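*Asks:*
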Amino acid sequence: QVQLVESGGGLVQTGRSLRLSCAASGSIASINTMGWYRQAPGKQRELVAYIRNDNGTYYADSAKGRFTISRDNAKNTVYLQMNSLKPEDTAVYCCHYHDLRRVYWGQGTQVTVSS
Numbered sequence: 002q003v004q005l006v007e008s009g010g011g012l013v014q015t016g017r018s019l020r021l022s023c024a025a026s027g028s029i030a031s032i033n034t035m036g037w038y039r040q041a042p043g044k045q046r047e048l049v050a051y052i053r054n055d056n057g058t059y060y061a062d063s064a065k066g067r068f069t070i071s072r073d074n075a076k077n078t079v080y081l082q083m084n085s086l087k088p089e090d091t092a093v094y095c096c097h098y099h100d101l102r103r104v105y106w107g108q109g110t111q112v113t114v115s116s
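Sequence positions in the sequence shown follow this note's numbering and run 2 to 116.
(1) Can you check the stretch 50-115 for any alpha helix (DSSP H) of at least 4 residues that lies completely inside it and give the ranges in chain order?
(2) As a quick exercise: from 22, 84, 3 and 75, pick the residue whose alpha carbon is nearest that of residue 37.
(3) Okay, do the stretch 63-75 and the stretch 4-14 touch, 3+ Cβ pairs below 8 Å being the bar?
(4) My understanding is that residue 56 touches residue 100, with C-beta atoms under 8 Å, so please give their C-beta distance in whole angstroms.
(5) Mind reading off the beta-carbon distance from residue 25 to residue 98? Whole number of angstroms is fine, and I expect it under 8 Å.
Here it is, written out as structure tokens:
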């Protein structure tokens, strides 16, 4: 089992920044990918960004240039630095982990961007 605990969400104004953290614990595989999805009210869940254990990254078009994903393998923690936030970034952000055999999700953290 892998447990994921997110933190860092909150309410911010347009143009401000937030950093989300996701700490993983348990039986973490050496080869894994961690990332962030988000789901806004009435919309489908969408991938925001992910980072592999070799630090390869992927960003959705909506995140490119504004968000940066990083990880600290010693702490088994992944971060999502979100800059220049927009009201359309408002969503529940969920941490995601997968390895060759398993998939796990965090509980989610609310990010609300006011205009």
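Beta carbons: idealized from backbone N, C-alpha and C, even for Gly.
As the structure is a computational prediction, the values presented were derived from the model and not from experiment.
*Replies:* Straight from the coordinates:
(1) none
(2) The candidate whose alpha carbon is nearest that of residue 37 is 22.
(3) no
(4) Between residue 100 and residue 56 the Cβ distance is about 16 Å, and since that is not below 8 Å, they are no contact.
(5) 6 Å
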